[in-house]
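**Q** According to our numbering, the sequence shown holds residues -3 to 291 in order.
Every residue gets a Cβ at the ideal spot worked out from N, C-alpha and C, and that includes glycine.
The structure that follows is given in the form of structure tokens.
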Amino acid sequence: MYDMKALYEAGSVDHAIWLLKEHPGAQIIAGGSDVLVQMREGKRSGAELVSIHGLDELRGVKMEKDGTLRIGSLTSFSHITKDPLIREYFHVLGEAVDMAGGPQIRNIATIGGNTCNGVTSADSASTLFAWDAVVELTGAEGIRRIPIADFYLGPGKVDLRPAELQTGILIRKESYEGYKGHYIKYAMRNAMDIATLGCSVNVKLSEDKKIFTDIRIAYGVAGPVPLRAVHAEQAGRGLDVTEENIEKIGDAVLEDIRPRDSWRASKAFREHISRVLCKRALREAAGKAGGRTDE
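Here you go:
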């Protein structure tokens, strides 16, 4: 069923890096929810695998001394959804990953595997883009940290160098303090389906809750990689929290998105729902932040 050349079990991050150096063609396997399916389909036949499943140091969510939230790359979707820190500061991320697959998949799928796949439809990706997440990568030359937007290089391609693995996802205090967010996934079915389009919006309001002081709008499946709607974000900063302005901001996303035709949806339909989802998510995020659009 699974055509593999060899499976190596890493005992530590350093051991995993050593194994990757000793076996240059080897691929990382974590939860296996993607890799094993691809192997079964024959896409990775004869592969050498380095399993990091046993590296508990890469699991869990914690707050660092400077207020940065650190999510270990082996943290499963189920644990992210239930984690107290996620619920307090990033409830929207828990909601987003809770829409991925069914319970069995969410119990084994990891945040690192989901992002390292490089697919634009990953439910965690657009939400992490909206939080200005930073990806931590560890290799033989040490640790490097890069913005998640730079981590995605193209469809299915990420900036992972030889003998390097993702060890964490970081969200800095300045990226979450004072923000509220909302994620909406549009799919053909309500459950266990890949997103036709995903939209994640974060807002920060003025002290009186009447002005958008900052807006972040991110999409999945609106282009070859997850992306930010930077023109729409800029158009919304400093505007009053009103229905008229929400309509204006939502319409502006067409300057940024680059959807394509596929069997799931046409380009025109994705352009339409990108505006609709942005407006809905913006209303929800503003409401969570204490704003009212009916005044």
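#1: Measure from the alpha carbon of V88 to the alpha carbon of each residue in T209, L250, H178, L15, then state which is nearest.
#2: Apart from the five residues just before and just after A214, which ones in its own chain have a Cβ nearer than 6 Å to its Cβ?
#3: Taking the straight line between their C-alpha atoms, what separation do you get for K205 and E280?
#4: From what residue to what residue does the alpha helix (DSSP H) around T123 run?
#5: Would you mind listing the alpha helix (DSSP H) stretches within the segment 81 to 156 that are 4+ residues and don't spill past its ends, in chain order?
#6: For G283, name the three-state secondary structure that DSSP assigns.
#7: Tell me the residue span of the beta strand (DSSP E) that contains I213.
#8: Could you tell me which residues DSSP puts in a beta bridge with V199?
#9: For A96, I'd like the list of residues in its chain whose CB is within less than 7 Å of its CB, leaving aside the five on either flank, ordered along the chain.
#10: At which residues does the beta strand (DSSP E) containing L51 begin and terminate?
#11: For K244 and R266, I'd like the C-alpha separation in whole angstroms.
#12: Which value, in whole angstroms, describes the spacing of the CA atoms of T163 and E240?
#13: Looking at the structure shown, is R66 part of a helix, part of a strand, or coil, going by DSSP?
#14: Can you tell me where the alpha helix (DSSP H) holding K243 begins and where it ends?
#15: DSSP state of G27, grouped into three classes?
#16: Tell me the rounded alpha-carbon separation between A136 and L166.
#17: Given a cut-off of 7 Å on the beta-carbon distance, is the pair A285 and K169 in contact?
#18: Between the C-alpha atoms of H268 and A43, what's the straight-line distance to the nearest angstrom?
#19: Need the endpoints of the beta strand (DSSP E) that K58 sits in, please.
#20: Say whether the segment 50 to 61 touches the segment 78 to 85, bearing in mind that this needs 3 or more beta-carbon pairs closer than 8 Å, one atom from each stretch.
#21: Could you have a look at S72 and say whether DSSP puts it in helix, strand or coil?
#22: Measuring only the C-alpha atoms, how far is A6 from T116?
#23: As a quick exercise: from P20, L45, G21, pick the residue whose alpha carbon is nearest that of V31.
#24: What are the boundary residues of the alpha helix (DSSP H) that L16 is part of?
#25: What does the alpha-carbon distance come out to for the pair Y172 and R66?
**A** Concretely, from the data shown:
#1: If you number the sequence shown from 1, residue 88 lands on position 92. Closest by alpha carbon: H178.
#2: In the sequence shown, the residue the question calls residue 214 occupies position 218. Cβ contact annotation for A214 (same chain, cutoff 6 Å, sequence separation greater than five): S122, F125, A126, S196, R224, in chain order.
#3: Along the sequence shown, read from residue 1 onward, the residue named residue 205 stands at position 209. Along the sequence shown, read from residue 1 onward, the residue named residue 280 stands at position 284. Taking the straight line from one Cα to the other gives about 14 Å.
#4: As a first step, residue 123 must be located in the sequence shown, where it is residue number 127. First-last of the alpha helix (DSSP H) with T123: 119 to 126.
#5: Taken in chain order, the unbroken stretches of alpha helix (DSSP H) that lie wholly in the segment 81 to 156 and span 4 residues or more are 87 to 93, 99 to 104, 107 to 112, 119 to 126, 144 to 147.
#6: The residue labelled residue 283 in the question sits at position 287 within the sequence shown. Residue state, collapsed to three classes: helix.
#7: Along the sequence shown, one-based indexing puts residue 213 at 217. Element bounds for I213: 208 to 216.
#8: Here residue 199 refers to the residue found at position 203 of the sequence shown. Paired residues: K176, I211.
#9: Indexing the sequence shown from 1 puts residue 96 at position 100. The residues are F73, R102, A105, D119.
#10: Sequence index remark: in the sequence shown, residue 51 carries index 55 (1-based). First-last for L51: undefined, no H or E at that position.
#11: On the sequence shown, position 248 is the one that residue 244 refers to. On the sequence shown, position 270 is the one that residue 266 refers to. Distance between the alpha carbons of K244 and R266 is about 18 Å.
#12: To locate residue 163, count along the sequence shown from 1; it is residue 167. To locate residue 240, count along the sequence shown from 1; it is residue 244. Looking at the two C-alpha atoms, the distance is approximately 43 Å.
#13: Sequence index remark: in the sequence shown, residue 66 carries index 70 (1-based). Strand.
#14: Position 247 of the sequence shown holds residue 243. Before going further, note that residue 243 is Glu rather than Lys in the sequence given. Taken as a continuous stretch (DSSP letters only), the alpha helix (DSSP H) holding E243 covers 239 to 248.
#15: Within the sequence shown, the letter at position 31 stands for residue 27. Reduced to three states, the DSSP call for G27 is coil.
#16: Counting from one through the sequence shown, the residue named residue 136 turns up at place 140. Counting from one through the sequence shown, the residue named residue 166 turns up at place 170. The straight-line gap from Cα to Cα measures roughly 21 Å.
#17: Along the sequence shown, one-based indexing puts residue 285 at 289. Along the sequence shown, one-based indexing puts residue 169 at 173. Contact flag unset, no.
#18: Here the question's residue 268 lines up with position 272 in the sequence shown. Here the question's residue 43 lines up with position 47 in the sequence shown. Between H268 and A43, the C-alpha separation is close to 41 Å.
#19: Position 62 of the sequence shown, counting from 1, holds the residue named residue 58. 57 to 59 is the extent of the beta strand (DSSP E) around K58.
#20: yes
#21: Here residue 72 refers to the residue found at position 76 when the sequence shown is read from its first residue. Looking at S72 - three-state DSSP - the assignment turns out to be strand.
#22: The count along the sequence shown starts at 1 and reaches residue 6 at position 10. The count along the sequence shown starts at 1 and reaches residue 116 at position 120. A6 and T116 have their alpha carbons spaced roughly 29 Å apart.
#23: In the sequence shown, counting from the first residue as 1, residue 31 sits at position 35. Between V31 and the set P20, L45, G21, the nearest pair of CA atoms involves L45.
#24: On the sequence shown, position 20 is the one that residue 16 refers to. Its alpha helix (DSSP H) spans residues 9 to 18.
#25: For this step, residue 172 is matched to residue 176 along the sequence shown. For this step, residue 66 is matched to residue 70 along the sequence shown. Straight-line Cα distance between these residues: approximately 13 Å.
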